[in-house]
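Structure, as structure tokens:
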Amino acid sequence: MTEPRNTRMTTATKKNIAGWIGVAITILFSSLWAYWGAFENFHEGWYSTSLGENLFMFVFQYLLFTILFVVLAVVSLQWKRIGLALHVLIGGFCIWFFSGANFSVLGLLIIIPFAGLGILYFWGDPRPKRWAYRLIILIPLLIIGAISVPQGIKVSQRVDDRNLGTRIIQGNGVTLAWAPRGPGWPDRGVSWEEAREICRHLSADGLSVMESPQNIWRLPTVDEAVRSMSIHGQNAGGEWRQDQGEAVYRKAPDKESPLWDVHSKVIYYWTAQTSPQSDLSAYIVVYHGGVFEKRKTNQQGYLSFRAVKGVP
Numbered sequence: 038m039t040e041p042r043n044t045r046m047t048t049a050t051k052k053n054i055a056g057w058i059g060v061a062i063t064i065l066f067s068s069l070w071a072y073w074g075a076f077e078n079f080h081e082g083w084y085s086t087s088l089g090e091n092l093f094m095f096v097f098q099y100l101l102f103t104i105l106f107v108v109l110a111v112v113s114l115q116w117k118r119i120g121l122a123l124h125v126l127i128g129g130f131c132i133w134f135f136s137g138a139n140f141s142v143l144g145l146l147i148i149i150p151f152a153g154l155g156i157l158y159f160w161g162d163p164r165p166k167r168w169a170y171r172l173i174i175l176i177p178l179l180i181i182g183a184i185s186v187p188q189g190i191k192v193s194q195r196v197d198d199r200n201l202g203t204r205i206i207q208g209n210g211v212t213l214a215w216a217p218r219g220p221g222w223p224d225r226g227v228s229w230e231e232a233r234e235i236c237r238h239l240s241a242d243g244l245s246v247m248e249s250p251q252n253i254w255r256l257p258t259v260d261e262a263v264r265s266m267s268i269h270g271q272n273a274g275g276e277w278r279q280d281q282g283e284a285v286y287r288k289a290p291d292k293e294s295p296l297w298d299v300h301s302k303v304i305y306y307w308t309a310q311t312s313p314q315s316d317l318s319a320y321i322v323v324y325h326g327g328v329f330e331k332r333k334t335n336q337q338g339y340l341s342f343r344a345v346k347g348v349p
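Just so we're aligned, residue 38 is where the sequence shown starts under this note's numbering, counting upward by one.
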């Protein structure tokens, strides 16, 4: 009588341990995706004039994998077979949909966790189950709230004067005219070479691309872009330290007028300077003041340019 009972207790203990391992893995990955999603939402997202569109993008783009991990765990705890089937189906879909993604993202952060979790939840049985539900749901929510509230407040305080015309930005040793919205300041991604060609052919008012080179406009240098950055209507006091490869500021700038369009998805501008490490790369400047290198052929939707010219 004793031996079967001990065997059953051992099996129950193993299932409890396996179940809680599954819960821990779910919390780990849902929290990682929550952390990434909340920050990225306010870094490259949250640019629409519609609150509904911003919230939709936040939930269904930046928090998608957090939601998937949480929902799959909750379903699996309640209905094991359905949970296992969903893990397999979603894992297979991700392999197909993200087939070109790097293995460090697709494999380590999506496929392997989904496969392992499906098996752990199918065989395991965490007790008490009510605490499994609570932790799976509450921890990612706390992370999202802790990041989103201060970031949301910061974004809501951005200066937006709605003037998308030619802007004269003066101060910090630099005076330049920055192109108006149009071909010299497009709301789309362009490569470095395309940006340079558009600048060369841009008309004096910055609103038309001429057939022959005009050589009036150009891309800004890194130093010019950094020195033109602002925060809440004041120059950010930027300085480009080329020997150290970094930009430093008196106050950290933000995605604000007059240099940036608050309601554009563009968060990076090309500069005129090629990387000293490779002719295939050029420097870009980020709305928060950072300076990095990008391949000149890169033309994602959030990487564009704004042409400049001298002021007589």
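Idealized CB from N, CA, C, for every residue including glycine.
- Counting the other Cβ atoms within 10 Å of the Cβ of arginine 332 gives fewer than 16, which makes it exposed.
- Here leucine 178 is not near proline 217, since their CB atoms are 8 Å or more apart.
- In the displayed model, arginine 332 falls within a strand according to three-state DSSP.
- The beta carbons of lysine 166 and leucine 114 sit about 6 Å from each other, so the pair counts as a contact at 8 Å.
- By alpha-carbon distance to serine 68, the top candidate from Gly56, Gly89 and Ile104 is Ile104.
- In the three-state DSSP reduction, arginine 278 falls in the strand class (E or B).
- Spanning the alpha carbons of valine 285 and alanine 273 requires a straight line of approximately 9 Å.
- In this structure, threonine 334 sits away from isoleucine 321, with a CB-CB distance that is not shorter than 8 Å.
- Glycine 275 places its beta carbon less than 8 Å from that of proline 290.
- When secondary structure is reduced to three states using DSSP, lysine 51 falls in the helix class.
- In this structure, DSSP gives tryptophan 222 an extended state, which the three-state scheme calls strand.
- Rounded to the nearest whole angstrom, the C-alpha separation of aspartate 224 and aspartate 242 is 18 Å.
- In the structure shown, the three-state DSSP call for tyrosine 72 is helix.
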